[in-house]
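Asks: For reference, the structure I am asking about is given below.
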Amino acid sequence: MMERVPILKLGDILIVSIQIDLDDQSVLALQEDLADMVVSSGARGVIIDITAVEIVDSFIGRMFSTIAAMTRMLDAETVVVGMRPAVAITLVELGLSLGGVRTALNLEKGVAMLEHVRGAAG
Numbered sequence: 001m002m003e004r005v006p007i008l009k010l011g012d013i014l015i016v017s018i019q020i021d022l023d024d025q026s027v028l029a030l031q032e033d034l035a036d037m038v039v040s041s042g043a044r045g046v047i048i049d050i051t052a053v054e055i056v057d058s059f060i061g062r063m064f065s066t067i068a069a070m071t072r073m074l075d076a077e078t079v080v081v082g083m084r085p086a087v088a089i090t091l092v093e094l095g096l097s098l099g100g101v102r103t104a105l106n107l108e109k110g111v112a113m114l115e116h117v118r119g120a121a122g
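In structure tokens, the structure reads:
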């Protein structure tokens with residue numbers, strides 16, 4: 001049985017804490033679960049916490065961009081938080097600029113960023 005990434009709800013923000021090694025199947029499941037939950041909960045923001053992620057490849061990098069694009073279509077903004085320096089370096093070396101993906105150093109800053117974005121837009 002595939003491990004699913006838990007999605008927590010905090011007000012109108014969904015928090016995805018990635019604690020497992022993601023394979024193609026778990027990433028696709030996460031994208032589906034997240035899309036369903038953004039719609040069913042009316043979430044305005046999604047935070048993907050990758051503090052526990054030590055290595056990324058281009059597949060994982062593209063996943064962030066895909067999730068950000070998908071949630072934007074569903075009227076929610078995505079912020080990736082907790083990126084380790086080595087992960088940032090790898091993404092740059094892979095040529096992945098993660099266009100459209102906002103980043104913040106930690107969960108607290110991610111929540112503040114979403115509140116700021118919503119304040120500016122609303």
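The opening residue of the sequence shown carries number 1 in UniProt numbering; numbering runs sequentially from there.
Where a beta carbon is used, it is the ideal one built from N, C-alpha and C, also for glycine.
Would V79 pass as a contact of I50 if the rule is Cβ separation under 8 Å?
Replies: Here residue 79 is taken as the residue at index 79 of the sequence shown, counted from 1. Here residue 50 is taken as the residue at index 50 of the sequence shown, counted from 1. No, these two residues do not count as a Cβ contact at 8 Å.
Asks: Our contact map puts G45 next to D75 with C-beta atoms below 8 Å; I'd like the distance itself, whole angstroms only.
Replies: In the sequence shown, the residue the question calls residue 45 occupies position 45. In the sequence shown, the residue the question calls residue 75 occupies position 75. G45 to D75, Cβ: 10 Å. No contact.
Asks: Near A69, what residues of its chain come up, given a Cβ to Cβ distance below 8 Å and the 5 sequence neighbours on each side ignored?
Replies: Your numbering for residue 69 matches position 69 in the sequence shown. Excluding positions up to five away in sequence, the list reads G100.
Asks: Please go through the same chain and pick out, in chain order, the residues whose beta-carbon is closer than 8 Å to the beta-carbon of V81, but skip the five residues on each side of it.
Replies: Position 81 of the sequence shown holds residue 81. Only I47, I48, D49, I50, T51, T103, A104, L105, N106, L107, K109 and G110 meet the Cβ criterion.
Asks: Identify every run of the alpha helix (DSSP H) within the region 72-104, keeping only runs that are complete inside it and at least 4 residues long; order them along the chain.
Replies: Within the region 72-104, the complete alpha helix (DSSP H) runs of at least 4 residues are 85-93.
Asks: Given a cut-off of 8 Å, decide if V38 and residue 170 are closer than it, judged by their beta-carbon atoms.
Replies: Because residue 170 is not part of the residues shown, which for the chain are 1 to 122, the question remains open.
Asks: Enumerate in chain order the residues of its own chain whose CB-to-CB distance from V87 is below 8 Å, with the five nearest sequence positions on each side excluded.
Replies: Numbered from 1 along the sequence shown, position 87 holds the residue referred to as residue 87. The residues are I50, V53, E54, I55 and V56.
Asks: DSSP has V46 in a bridge; who is on the other side?
Replies: Taking the sequence shown and counting its residues from 1, one reaches residue 46 at position 46. Answer by DSSP bridge pairing, in chain order: L14 and T78.
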